[in-house]
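Right, one structure below, let's go through it.
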Amino acid sequence: LLSGITYMFSAFMVVSVAFTMIIAAAAWLPWCLLALELTVRHSHSRLRGGLPWLVAGAIFLGLQALAGHAEITYYTLLIMALLALVRLGQAFSRTRRLPWRPAVLVVAMVMLGIGLGGVQLLPFYELARTNFRSGAAAYRVTYQDVIGWAYPLRQLATFLVPDLYGNPSIHGYVDLVSLHWLPITRNALGETISDVAWGKGLPSWKNYVEAGSYVGILPLLLALPALASRRLRQHVWPFAALALLSLLFVFGTPLYRLLFLLPGINQLHTPFRWVFPYTLSLAVLAGLGAEAIVGAGAREQQALPPAAPDDRGAVRVAQVVGRVATAAGALALAGLVLVVAWPWPFIGLADRLLAASELTRRAFSDGRMLLSYQYRNLLIFSLALLGSGLAVLALLRPRRRFPLWQLVAAAVLVGDLFAIGYGFNPRADPRLLTVQPPVIAFLKQQLAKPDQSPWRFTTLIRPGEKPLNANAGMLFGLEDVRGYDSVIARQYVDYMSLVEPQGELLYNRIAPLTQEQSLGSPLLDLLNVRYVITSQEITRPDYRLVYQGELRVYENLHVLPRAFALTAARRVLPPQLADALKTSDPRQAVLLEGQPQESGVPGTLLPVSILDRQPNEVLLLARLPQPAWVVLTDAYASGWHAYVRPAGSSDTEQAVEIERAYGNFRAVHLPAGEWELRFRYMPRSFQIGLYATFLSAVGLLLIAVAWLWGRFYSRSADDHTVRRVAKNSVTPMALSLINKLIDMAFAMLMLRILAPEGAGRYQFAVTFIGYFEILVRFGLGTLITREVARDQAQGARYLGNSLVVRALLWLASLPVMALVLLAYVLWSGLTQDVLFAVGFFAISVFLGNFADSFSAVFYAHERMETPAFVSTGTTLVKVALGAIVLLVGGGFVGLAAVSVVSNLFTALILGWLLARDYLRPRLAYDGTFAREMVRESFPLMINHLLATVFFQVDVLMLKPLRANGDAEVGYYGAAYRYIRGLDIIPSYLTLALFPVMSRYARSARDSLQRAYHLSLRLLFALSLPIAMGTTFIARQLMLLLAGPDFLPQSQYALQILIWYMPLGFINSVTQYVLIALDEQQYLTKAFLIGVSFNMVANLIGIPYYGYKAAAVVTVLSEVALLIPFMRRVYRHLEPVPWLDLAWRPLLATAIMGLGLEAMRRLGLPVLAQVPLAAVVYGLALLALGFTRSPDMDMVVGLLRRRLAHAAQA
């Protein structure tokens, strides 16, 4: 309790209200340290013991990073690293064994926590690299500079009396002579002041926010018995050392040089920020001191022998501290009473101090004010000292049932900290935010004019003036060229330094103008500064007075528009850019960076219209009579992308290159014509950060699930069948969904990096190797599962022979693979990178054979969850390594190489688990037995191969049959990712229904028919609205998945492919109905018909229509497959009532489509269209009587009974 109060209400926390991100970030440090401590404590013997604390710690650290203050995150990581090293060192000293388990978990906690905050940290890192403090010698600070910003020794006094040098929230005092409240108005020099700032003007002066170090008197007193405690010594000394280390850093001792060597610290000019870990350390020591005293007293009261080592030393220290503090506090209060009774002698002393110091005269009006102001500070100190001494003595008293000491200590500490910090908490009337000064109203009127293009403003000031202080304009929607920020782009600082020297960079500010001649800089015109706010009179002819009131506003008559075009450009080397900006006229030629060159023809400046402007997107309209450079005078950054298309057309936008113009702005070169130019901000760092956050969250989820699984589930031979079935279906299903989610997230990154052509080549390689993987695996996995489940003693025999058979099949496939690839090289120009990718995939297939065989044995033992967990772990490894490979430029060949690593990981983990739980994998070969295995698995392989050819042969045909085959495969493959994701719906439904259908097929054909018709009805009701909705939002879906480079081709492909769903879902359930009816052999014939149609139709359509033909053929192939399926089903069951099953979902889907079209025309966002469309469809379906059919009555009745049962429970 005392530790929490100390940390929560400490001066560091209270004064940081001016920077709420600091409070939001610092609040998580105790939680991070708690999780770290428990992780280390519970993981010495078993890794599993520390897993829940690993997850908690990573979440805490991730939330801390997401709070958005990187400096506090840096310090948090340093503190965690120091305490982790201490705890691990203590563990080693106790056991003389390397504590590798807790070390691994702590490292994993930090990595996952940082990954969780990746969406915040990576974009910040990208921005920090452009900071004016980073790299450029002109702005780089030295070690001596930073030490100069540390606390001076006189600041030690504020650790006890925090308001000694003033408090900006105190604007008055109680006069000791008149005992009246007097406002602070003037100092002894006659200057106007509103608060005391004693020492302001010294180079080492610290404002109240920087100097906030007070933690209260009681924590300082309790820290002393904590240091004397032998029982808690191992917990005390790390925080005592951290407190001492923090103080040494805060006061800029030579020890800070070690810290200065750490990467990134040179950008932090805040050694005083180490009061943050000091505050935490004192809070912890206060709690430990109270625990030491209370614990010793409890043992005494219960007549227990003192523990060894005990806390008698802590008790003795507490007795001395409590008595001394009480006496000193009482004595100080007596002295203060004397001062009130006879103030004049003390006022005389204060007058002498005032006369001796100019800085004191700047802070106080006279000695009477000085004494009266400091009287409050000394009174608070004396009362806190007295109360804290009494609280320590209360801790030493024998325990009663009611813990009086807790109330006394908490009340004293809260009173102490509130007396200091209460006034600093903001209590301003929120209505102040609605106040609009007249000058602001005028500027907003100018902004609202329909013919007014966007503009910026700045201020011209005299020393001491701060009209419309930096960042204040944002409250009113006004754009300012000044600003306050901890990270300011170096390019902008360089640019503004050419307008006027920047004297406020030390305070993280782009300064106002101070010289009237700076207004004549063409760079100010280029910066789109239309208005200048000042209290002065501007006499320049190019500025016109447009407002005069509490301030003056002048309009810049030479301002350049925010967007314009020039037909001429000049390139200069970056080192000569500053000189070129000083001497050139920005209206004559666009100034670009590069080898010296002039291009284009001189011409007049052409206006460019701004059609739409959002924070992350700007749309321009450029009418160019000849080729020109379009310039947008918004900041250039690597995350901006530009896309262009003819004005007024619906053509696909084409990406164009953005160059940095004039050292700070964006420029794009366009040919003659009318163009829509769109700038969009989507930095790669944000995408990668979001991806890292997603992967870390999934990783933490899996760790939590694994811990819960081990904690609450134990295998037993007596497990009920229902329990085993549920475990073996629900767990793999859930993990499969997670895998698909991870793969989709990775695809968002991969497709954007590879672009359509690279993605197409990768898709071709994956599809190509997929056929050979089916041939090599030969259906042996299913055979192993079936036979070993029947006789587990045969596990080693089947496993050993399958490994050898698959190895032989793999070797036999290599020359076949080589011949097919050679044909592709000769007739379709297959590139070398695809060959390398296929080579890596071939190795991956070999390793995958082992993993698949091991998984089959686990399936036979009804351990489906084990391969599922390993598969998800492999997916995480694959996508994490894949992201790294893509980011370092490895391309899709690197992804293929990653598949080798991931398959090796899977094989090793599964092999180890198999050897641990069941049998040690060994190679074995029995020729007769192996041939029998091949014979029995051949039908399984053929059906699998035909099904794969049916769905994916078009990918292999697009490549040789189209001139731009790689890109078309990329477009088509990107759209197909949504189709593969949706395939889980029929697959899981059929898996759930298959046991029931198999039972009905043998005993109750009428029940089978009802179940089949019900499945078709539900699949119609589910697939048709998904197909309709996807058709309408296909563009947004593909933009989300793959980015603008894949539009509109992937959009068109998805809009066609999605209509395979209704028939595809029907074929999926019909296939299992035929299997239930023992028609497995007929399935092969049906698939042969479907494959034949698919190949012939693709051969006819793809050469003319490419990926669109492939998509249409995919839909029609489902019809070609449905026809033979239905012919065989009708031999066993009555004809399907298609009209009755489909008309209601079809009509409801049509109504939904009309609703979507209406919402699209109204301009509703997609996020609103989707739920509204779902509501429209559901209501239409109910209105059409969907639930009133006989089979649906049964479902509705079942649901009602379940709900009633749940309500009763």
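According to the working numbering, the sequence shown is numbered sequentially starting from 103. Beta carbons: idealized from backbone N, C-alpha and C, even for Gly.
Beta-carbon proximity of Val221 to Thr795, cut-off 8 Å: yes
Minimum length 4: unbroken alpha helix (DSSP H) runs contained in the region 123-207: 131-144, 149-168, 172-197
Continuous beta strand (DSSP E) assignments of at least 3 residues falling wholly in the region 1182-1258: none
First through last residue of the alpha helix (DSSP H) which encompasses Gly1131: 1107-1144
Limits of the alpha helix (DSSP H) - the one that Ser955 falls within: 934-962
Local Cβ density within 10 Å of Trp446, reported as buried at 16 or more and exposed below that: exposed
For Ala330 and Val439, believed in contact at Cβ under 8 Å, the rounded distance: Contact doesn't hold; Cβ gap of about 34 Å is too wide.
C-alpha distance - Asp845 paired with Thr977, whole-angstrom precision: 8 Å
Length at least 3, wholly inside the region 726-812: the beta strand (DSSP E) runs in chain order: 730-737, 742-748, 756-758, 761-763, 767-772, 775-783
For Trp283: DSSP bridge partner residues: Val276
Within 8 Å, strictly: CB atoms of Leu1258 and Phe1122: no
Through-space distance from Ala127 to Leu168, alpha-carbon basis: 8 Å
Where the beta strand (DSSP E) through Thr1313 begins and ends: Coverage of the chain is limited to positions 103 through 1311, which leaves residue 1313 absent and any answer about it impossible.
Heavy atom of the ligand ATP within 7 Å of Lys980 beta-carbon: As far as ligands go, the structure on display features none, and thus does not contain the ligand ATP.
Backbone secondary structure at Gln617 - three-state DSSP: coil
Buried versus exposed call for Asp736 [16 or more other C-beta atoms within 10 Å across all chains shown]: buried
Within 8 Å, strictly: CB atoms of Lys1061 and Phe767: no
Whole-angstrom distance between Ser957 and Glu1312, CA atom to CA atom: The requested residue 1312 does not occur in the structure, where the chain is confined to residues 103 to 1311.
Whole-Å CB distance - Asp1068 paired with Val1215, under 8 Å assumed: Going by Cβ atoms, the distance from Asp1068 to Val1215 rounds to 20 Å, so no, they are not a contact pair.
Nonlocal neighbours in the same chain, by C-beta distance under 7 Å from Arg463, ignoring five residues either side: Asn289, Ala290, Leu291, Leu456
Length of the line joining the Cα atoms of Pro698 and Val674: 5 Å
With 16 other Cβ atoms within 10 Å as the buried cut-off, status of Met1254: buried
When Thr974, Ser105, Gly860 are compared against Val936, the one with the closest alpha-carbon: Gly860
Residues bridged to Ser711 [DSSP beta-bridge criterion]: Leu723
Sub-8 Å separation of Leu905 and Asn951 beta-carbons: yes
Inside the region 456-527 only - alpha helix (DSSP H) runs reaching at least 4 residues: 460-465, 469-498, 506-523
Cβ pair Glu657, Arg642 closer than 8 Å: no
Of the listed residues Leu1149, Ala230, Gln166, Leu320, nearest to Asp753 (C-alpha basis): Leu1149
Nearest-angstrom Cα separation, counted from Thr933 out to Pro225: 36 Å
Collapsed DSSP secondary structure at Ser118 in the structure displayed: helix
First through last residue of the beta strand (DSSP E) which encompasses Gly1029: Unbroken run through Gly1029 is the alpha helix (DSSP H), 1029-1063; no beta strand (DSSP E).
Unbroken beta strand (DSSP E) run spanning Thr636, endpoints: 631-636
Leu580 vs Val595 beta-carbon contact at 8 Å: no
Residue span of the beta strand (DSSP E) that contains Glu606, given as start and end: Where Glu606 is concerned, there is no enclosing beta strand (DSSP E), given that its DSSP letter is neither H nor E.
Residue from Glu293, Val972, Glu228 whose Cα sits closest to the Cα of Phe466: Glu293
For Arg672, the first and last residue of its enclosing alpha helix (DSSP H): Taken as a continuous stretch (DSSP letters only), Arg672 belongs to no alpha helix (DSSP H), being part of the beta strand (DSSP E) at 670-674.
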